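Novice: Dumping the structure here so I can ask a few things about it.
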Amino acid sequence: MVTAATLKREYGSEEGIRDATLQLQRSKMTKHWMASLLALLSCYFVNACKKGDGWDEYKYRDAGFAISAPFMPVPARPSPEEPNTRAYAINDNSRTGIVISAGPCPPPVSEYRKM
3 MVTAATLKRE YGSEEGIRDA TLQLQRSKMT KHWMASLLAL LSCYFVNACK
53 KGDGWDEYKY RDAGFAISAP FMPVPARPSP EEPNTRAYAI NDNSRTGIVI
103 SAGPCPPPVS EYRKM
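See below:
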């Protein structure tokens, strides 16, 4: 156990004792803040790893494809001109969207020339 007399001998005066006490308190506070910061950063890191990038995989077996997207693709109504083609729209909250079309392949260009 450290007594005031020992501290006075070691540091020379009451001012030295006060400085040593303040230094000890600062050291404890620094350790406390560093531990808190480490715990907080660990929580953020674990949470970020758990969420992933926000993209999920959506499978459409009847159309024969799967896609990873940030939002679920919504099937559109088939058109009367192309009843075997299916369209899927991915709309986000802004003014952009993506349309994916799945259906039979069109004939090659050489077939169009014969028509």
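Sequential numbering of the sequence shown, starting at 3, is according to the working numbering. Think of the CB as a built atom: it goes at the ideal place given N, C-alpha and C, for glycine as much as any other residue. Remember, it's a predicted structure, so these values are computed and weren't measured experimentally.
1. By DSSP's criteria, SER103 is part of a beta bridge. Which residues make up the other side?
2. Considering THR59, what are the terminal residues of the beta strand (DSSP E) in which it resides?
3. Please name the residue, chosen from SER70, HIS34, SER29, LYS33, that lies closest to GLY56 on a Cα-to-Cα basis.
4. Would you identify the three-state DSSP class for ALA65, choosing helix, strand or coil?
5. Less than 8 Å between the beta carbons of ALA68 and ARG88, yes or no?
Specialist: On the basis of the coordinates in this document:
1. Here residue 103 is taken as the residue at index 101 of the sequence shown, counted from 1. Note: SER103 sits in a beta bridge opposite ALA89.
2. Counting from 1 along the sequence shown, the entry for residue 59 is found at position 57. Correcting the residue type first, residue 59 is Glu in the shown sequence and not Thr. Counting along the chain, GLU59 sits inside the beta strand (DSSP E) bounded by residues 58-62.
3. As a working note, residue 56 is residue 54 in the sequence shown. Checked all of SER70, HIS34, SER29, LYS33; the closest Cα to GLY56 is SER70.
4. Counted from its first residue, the sequence shown places residue 65 at position 63. Residue state, collapsed to three classes: coil.
5. Locating residue 68 in the sequence shown gives position 66, where the first residue counts as 1. Locating residue 88 in the sequence shown gives position 86, where the first residue counts as 1. No. Outside cutoff.
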